[in-house]
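Residue numbers (our numbering): 31 to 319.
Just so you know, even glycine gets a beta-carbon here, dropped at the ideal spot from N, CA and C.
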Ligand SMILES: NC(=O)c1ccc[n+]([C@@H]2O[C@H](COP(=O)([O-])OP(=O)(O)OC[C@H]3O[C@@H](n4cnc5c(N)ncnc54)[C@H](OP(=O)(O)O)[C@@H]3O)[C@@H](O)[C@H]2O)c1
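In structure tokens:
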């Protein structure tokens, strides 16, 4: 049986994900706030919807992958929003990184329409999306995950079922806190080393043979030393995720002092940035005039 796919959000990571489903031969109806960004996918075989609701209407499975909570709210519940278009019996999968509370609200609204909901934020970067090697952090019913697994298999190499709605987003926020802190840690270490007159490469050389090594630093260190901050994971999205983690921690009464301090650093760089930059640009916090 043909599975009709709807896709909302053709950003840095959403677009390569949608493209893989088009390439796998699924009928895919896409909607993006800026329709021009869909042009190449349409040439490759996707169909363009005029509204989120129109993307949802034919979908057996609708994916959303947009930047932040307000974007999810606009796509689902705004004018001609997708929620009103979803058919009973279909599945909504949200791959955006948002607050766990919003994921639970999406689940409740979907259930009221007879629609199954899964939150499935991702990790693995834009390169992982291009190669179909993402990792999904899933919250929701195991049976719903089983229904969409054939689609996820085109997009990712692994999916973790982490618990009920909200659990996937919670783990995703915790993961991003860790990445943000690791990259800020490297930026601070580089500031100390280069400020002392020792070349950055010397630290990186030692790092490569030490316990301090981490895959995220292997990817970000060359961006930092070459000062190439073309966004793969934009700093504005990392800043959003640090804010969401702190909001959740605040609700739970859990102190996150390192994350709170890092958010200030990311805020300062975001405020000063003239363009969209990767979060590796957090090192600009230590840049001297
Ligand atoms: N990039 C990564 O490596 C990565 C990795 C893991 C997780 N994520 C998460 O995946 C999600 C998407 O990330 P991305 O990198 O694709 O972000 P992005 O490049 O900034 O794209 C954001 C998408 O959201 C849409 N959008 C923003 N505000 C909207 C609104 N008010 N109404 C409707 N659509 C709106 C944008 O539409 P326009 O095209 O019109 O602006 C675009 O399609 C985010 O939650 C991010 O945290 C990203």
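Taking each of 50, 32, 287 and 33 in turn and checking the Cα distance to residue 40, the smallest one comes out for 50.
Counting the other CB atoms within 10 Å of its CB gives residue 70 a total below 16, which places it among the exposed residues.
Beyond the five residues adjoining it in sequence on each side, residue 270 comes within less than 7 Å, by CB distance, of 98 in the same chain, given in chain order.
Taken through DSSP and simplified to helix, strand or coil, residue 315 comes out as helix. For residue 264, the secondary structure class from DSSP, reduced to helix, strand or coil, is strand. Annotation: residue 315 to residue 154 spans about 26 Å, alpha carbon to alpha carbon.
When beta bridges are read from the DSSP output, residue 45 appears opposite no residue. Counting the other CB atoms within 10 Å of its CB gives residue 170 a total of 16 or more, which places it among the buried residues.
Apart from the 5 residues on each side of it in sequence, residue 158 sits with its Cβ closer than 7 Å to the Cβ of 164 in its chain, given in chain order. Assignment of residue 81 by DSSP, reduced to helix, strand and coil, places it in the coil class. The Cβ atoms of residue 149 and residue 198 sit closer than 8 Å to each other.
Residue 46 is positioned such that its CB atom lies closer than 8 Å to that of residue 156. For residue 62, the Cβ falls inside the 7 Å cut-off from some heavy atom of ligand 1. Sequence-distant partners of residue 223 (beyond 5 residues in either direction) whose C-beta falls short of 6 Å from its own C-beta, in its chain, are 233. Taken from the Cβ of residue 51, every heavy atom of ligand 1 lies 7 Å or farther away. DSSP places residue 246 within a helical segment (H, G or I) once states are collapsed to three. Using a cutoff of 7 Å, the CB of residue 67 counts as near ligand 1, since one of the ligand's heavy atoms is closer than that. Here residue 191 carries a strand assignment [DSSP, helix/strand/coil]. Excluding the 5 residues flanking it on each side, residue 132 has same chain C-beta neighbours closer than 6 Å at 99, in chain order.
The alpha-carbon of residue 246 is positioned some 11 Å away from that of residue 253.
In chain order, 195 and 196 place their CB closer than 6 Å to the CB of residue 134, counting only its own chain and leaving out the 5 sequence neighbours on each side.
Residues of the same chain with a CB within less than 8 Å of the CB of residue 74, apart from the 5 flanking positions on each side, are 49, 52 and 53 in chain order. With a threshold of 7 Å, the Cβ atom of residue 264 counts as near ligand 1, since some heavy atom of the ligand is closer than that.
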